[in-house]
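A.B. asks: I am attaching a structure below and will ask some questions about it afterwards.
Chains as they are written, first to last, in the numbering used here: chain V, 1 to 382; chain Y, 1 to 385.
And the structure:
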């Protein structure tokens, strides 16, 4: 009996061509759009490149010229310098071709553009220019003080200032890809998995006599309801998993970096689908509203979960972690996207396993919850 | 008025779900505005820095004090996983570990291997912080080289590094013209694209699919009401519904803004009205093409999320690449966001009412084109029947 239900529910699902088409088309279209919109975005916004600065010489300053040429030279240059007159420099600033203008005279002066239209990386670039100008002025004042107070120490002070020092070393963070734009793709996969709730919801509707004609027919058949429901859920999960596998494969072909452990990426997607279908089953078992309303509720819940997981604003998960960290642990979308994140970032499997177990536990709770809500129903008249 | 009444009856039936959508969207909108991308002034551009002090001496505490003056200190556990999470989700920009023995090394004049850091590779924030730390150590060692003991050198360093230059902020005259629109109103109108598309496709398409279902249409066709009158009543229903929804969003905008929309904000109101027509056109087209109600939600997500990402609703237009923007120009939301950016003075060009009107005009053309396609699709459907 189990296999009979399993087979026919699977066939019903895959024969619903419209639904299957959209479930596959959804991640394909959005994945392609994300790829187009975000490719190179991280590199252009977050990865350091020499900061464009204009130098306007008001008075000759040989020491400054030496300093600026030293730091704007070579592959690791801090600035890319344009020496020009004030009018041109202001034009360059207005059109955002440079981040600031340094006026060189005995005392340096700095002009930057206003905060309007500025993003976080432009603000940091301006702060770096400001820091450089301050550093120059501070070191000049220390030298002047030394000349006045203890000229015999001047040589050692200058040596200390200009020595090659390495006080600060970086610890490698991870072997994975730290491009934060990837979180959009993780959340997209989470959304695909949660959209599996549409199929789960259909099963709930079709197993209740007061919600559908098919449900009424099923209610009067001599079959164990738990077995029939689980078989139907398995059939839908299989169909949904096939959609997830196709979507993941498409994203991999598109060049989205899911890391090197692809089989586990597929596993996370499939377990996410199981959770999505069971979530739909739970929502579908709740109350007597018709399938359209429940569909709307299920889509809204999926969308809200994805919003808090960072589908629309990428740092939303961090905001949630700050104010309500527990919510990230129970938000289905956050758990699914975290599983992909763990595979990319961590070399061990501890947190990945934790996320997979969380998803499975949620799936069991949703399924049992749904079953408790629908079991032992008797209808006097249908 | 039979058809119009039926239209409104279905709308009323769909009201609970739309109200639920509306409430959630309003909450999300507030969250979007509060936690979405913000304007950042470099004057208060402080990074989130976590300082893990393994040395715990006066000298190491002085470093922490120095960093806290220009950056926001974030408390993090000294655990690599916690650090990675904080950096990836930009809760912290930089994590500095002051290594044990820092104080002794500094007193001995050693400058190598004092700190370790965690940061995203090659980031601007990393360079910014490293320059600061480099300056601190150079200044400190310079004072020690000038004959001061470590404690005095630390005090002198703190004093010297408190120096700040005066920075001239060039506000290019015409930029201020656009400043009349508040930050809150700007983001409200920007995210409105997503909300309008989602609500319209969900509600309007849902009603139209129900009312244009074959059985209902066949029943209506054999009634005494002429076909032309039926179509006009459906159109009237659409217009009334669209106007009500738009008005509701404008009232929310005023409540959210805390004042009546005025000045340049009126351009934003006009812009949103024309985009409302576009969204209504898209919703009706979806109703004409979607086979059933279940798929409307999926289509709604593809259209609203796709257009929002591609046209600069969730990510600033000036961050999107040239190719993306060239593609986005074929979508109405691009022109909506562009007009909104110009109105708020966030575009690369200065506020220019002519430019704003041309963006709104392009959206109007999109709306006309969409309605033409809608008529064509309905005609074709009727003929094929």
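All C-beta atoms, glycine included, are put in the ideal place defined by N, C-alpha and C. Keep in mind it's a predicted model, so treat the numbers as computed, not measured.
I'd like to know if residue 152 of chain Y contacts chain V, where contact means its C-beta is closer than 8 Å to some C-beta of that chain.
C.D. replies: Output row for residue 152 of chain Y: interface = no.
A.B. asks: Starting from residue 43 of chain V, trace the alpha helix (DSSP H) both ways and give me its first and last residue.
C.D. replies: Run containing residue 43 of chain V: 41-45, per the alpha helix (DSSP H) assignment.
A.B. asks: Pick helix, strand or coil for residue 289 of chain V, following the three-state DSSP scheme.
C.D. replies: Residue 289 of chain V falls in the coil class under three-state DSSP.
A.B. asks: If you measure beta-carbon to beta-carbon, which residues of the segment 171-183 of chain V are closer than 7 Å to chain Y?
C.D. replies: Per Cβ criterion, the list reads 171, 173, 174, 178 and 180.
A.B. asks: If the criterion is Cβ atoms closer than 8 Å, does the pair residue 82 of chain V and residue 92 of chain V meet it?
C.D. replies: It is a contact, given that the beta carbons lie within the stated cut-off.
A.B. asks: Give the straight-line distance between the Cα atoms of residue 191 of chain Y and residue 305 of chain V, rounded to the nearest whole angstrom.
C.D. replies: Going from the Cα of residue 191 of chain Y to the Cα of residue 305 of chain V covers about 18 Å.
A.B. asks: Could you please give me the residues that DSSP links to residue 48 of chain Y through a beta bridge?
C.D. replies: For residue 48 of chain Y, which the question treats as bridged, DSSP gives the partners Y/72.
A.B. asks: DSSP three-state call for residue 167 of chain Y: helix, strand or coil?
C.D. replies: Residue state, collapsed to three classes: strand.
A.B. asks: Can you list, in chain order, the stretches of the alpha helix (DSSP H) that have 4 or more residues and sit fully within the segment 163-220 of chain V?
C.D. replies: Counting only runs of 4 or more, we get 182-195, 197-206 and 213-219.
A.B. asks: State the Cα-Cα distance for the pair residue 231 of chain V and residue 247 of chain V, rounded to the nearest angstrom.
C.D. replies: Roughly 24 Å separates the two Cα atoms.
A.B. asks: Between residue 63 of chain V and chain Y, is there a C-beta pair that is closer than 8 Å?
C.D. replies: So, not an interface residue.
A.B. asks: One question on the structure: do residue 73 of chain Y and residue 86 of chain Y come within less than 8 Å of each other, judged by their Cβ atoms?
C.D. replies: No, they are not a contact pair.
A.B. asks: Looking only at its own chain, which residues have a Cβ that is under 7 Å from the Cβ of residue 80 of chain Y, when we skip the five neighbours before and after it?
C.D. replies: None.
A.B. asks: Please report whether the beta-carbon of residue 139 of chain Y lies at a distance below 8 Å from any beta-carbon of chain V.
C.D. replies: True, the Cβ-Cβ gap to chain V drops below 8 Å.
A.B. asks: Give, in chain order, every unbroken run of the alpha helix (DSSP H) that is at least 4 residues long and sits entirely within the segment 95-175 of chain Y.
C.D. replies: DSSP runs (the alpha helix (DSSP H)) wholly in the segment 95-175 of chain Y: 102-107, 124-145 and 150-161.
A.B. asks: Helix, strand or coil for residue 247 of chain V? Go by DSSP, reduced to three states.
C.D. replies: It is helical.
A.B. asks: Quick check: the Cα distance between residue 284 of chain V and residue 16 of chain Y, rounded to an integer number of angstroms?
C.D. replies: Distance between the alpha carbons of residue 284 of chain V and residue 16 of chain Y: 17 Å.
A.B. asks: Give me the chain V residues within the contact set of residue 168 of chain Y, using Cβ-Cβ distance strictly less than 8 Å, ordered along the chain.
C.D. replies: The contacting residues are 109, 110, 111 and 112.
A.B. asks: In chain order, what are the residue ranges of uninterrupted alpha helix (DSSP H) at least 4 long that sit wholly in the segment 326-358 of chain V?
C.D. replies: With a minimum length of 4 residues, the continuous alpha helix (DSSP H) runs that stay inside the segment 326-358 of chain V are 332-345.
A.B. asks: Within 8 Å of any Cβ in chain V, is that where the Cβ of residue 119 of chain Y sits?
C.D. replies: Yes, its Cβ sits closer than 8 Å to a Cβ of chain V.
A.B. asks: Determine the burial state of residue 119 of chain Y: buried for a count of at least 16 other Cβ atoms within 10 Å of its Cβ, exposed for fewer.
C.D. replies: Residue 119 of chain Y comes out buried.
A.B. asks: Here's a check: name, in chain order, each residue in its chain whose Cβ is nearer than 8 Å to the Cβ of residue 353 of chain Y, leaving out the five neighbours to either side.
C.D. replies: 267.
A.B. asks: With a cut-off of 8 Å, does the C-beta of residue 208 of chain V fall near any C-beta of chain Y?
C.D. replies: No, residue 208 of chain V does not count as interfacial toward chain Y.
A.B. asks: Between the Cα of residue 297 of chain Y and those of Y/132, Y/345, Y/202 and Y/100, spot the shortest distance and give me the residue it belongs to.
C.D. replies: Checking every option, the nearest Cα to that of residue 297 of chain Y belongs to Y/202.
A.B. asks: Could you tell me whether the Cβ of residue 322 of chain Y comes closer than 8 Å to any Cβ of chain V?
C.D. replies: With 8 Å as the cut-off, residue 322 of chain Y does not count as an interface residue toward chain V.
A.B. asks: Nearest chain Y C-beta to residue 166 of chain V closer than 8 Å, yes or no?
C.D. replies: Interface residue, yes.
A.B. asks: Which residues in the same chain as residue 175 of chain Y place their Cβ atom closer than 7 Å to its Cβ, once the five residues preceding and following it in sequence are excluded?
C.D. replies: Only weak support is given to the placement of residue 175 of chain Y: the predicted model assigns it a pLDDT of 47, under 50, and the question is left unresolved by the model.
A.B. asks: Does DSSP classify residue 263 of chain V as helix, strand or coil?
C.D. replies: Helix at residue 263 of chain V.
A.B. asks: When the distance is taken between beta carbons, is residue 366 of chain V closer than 8 Å to residue 281 of chain V?
C.D. replies: In this structure, residue 366 of chain V lies closer than 8 Å to residue 281 of chain V by Cβ.
A.B. asks: Using beta-carbon positions only, say whether residue 313 of chain Y and residue 333 of chain Y come within less than 8 Å of one another.
C.D. replies: Taking 8 Å as the Cβ cut-off, residue 313 of chain Y and residue 333 of chain Y qualify as a contacting pair.
A.B. asks: Using a Cβ-Cβ cut-off of 6 Å (strictly less than) and excluding sequence neighbours within five positions of residue 311 of chain V, which residues of its own chain qualify?
C.D. replies: So the list reads 187, once near-sequence residues are dropped.
A.B. asks: Do you know offhand how far residue 306 of chain Y's Cα is from residue 196 of chain Y's?
C.D. replies: Whole-angstrom Cα-Cα distance: 14 Å.
A.B. asks: So residue 81 of chain Y contacts chain V; which residues on that side make the cut at Cβ distance below 8 Å?
C.D. replies: By Cβ distance, chain V contributes 346 and 351.
A.B. asks: Mind reading off the beta-carbon distance from residue 337 of chain V to residue 183 of chain V? Whole number of angstroms is fine, and I expect it under 8 Å.
C.D. replies: Rounded, the Cβ-Cβ distance is 7 Å, consistent with contact.
A.B. asks: Can you find a C-beta in chain V that's less than 8 Å from the C-beta of residue 177 of chain Y?
C.D. replies: The pLDDT assigned to residue 177 of chain Y is 49, lower than 50, so where the model puts this residue is not dependable, and the model offers no usable value.
A.B. asks: Just to confirm my understanding: we take residue 127 of chain V, look at its own chain, exclude 5 residues before and 5 after, and list those with CB closer than 6 Å. What are they?
C.D. replies: Cβ within range, chain order: n/a, list empty.
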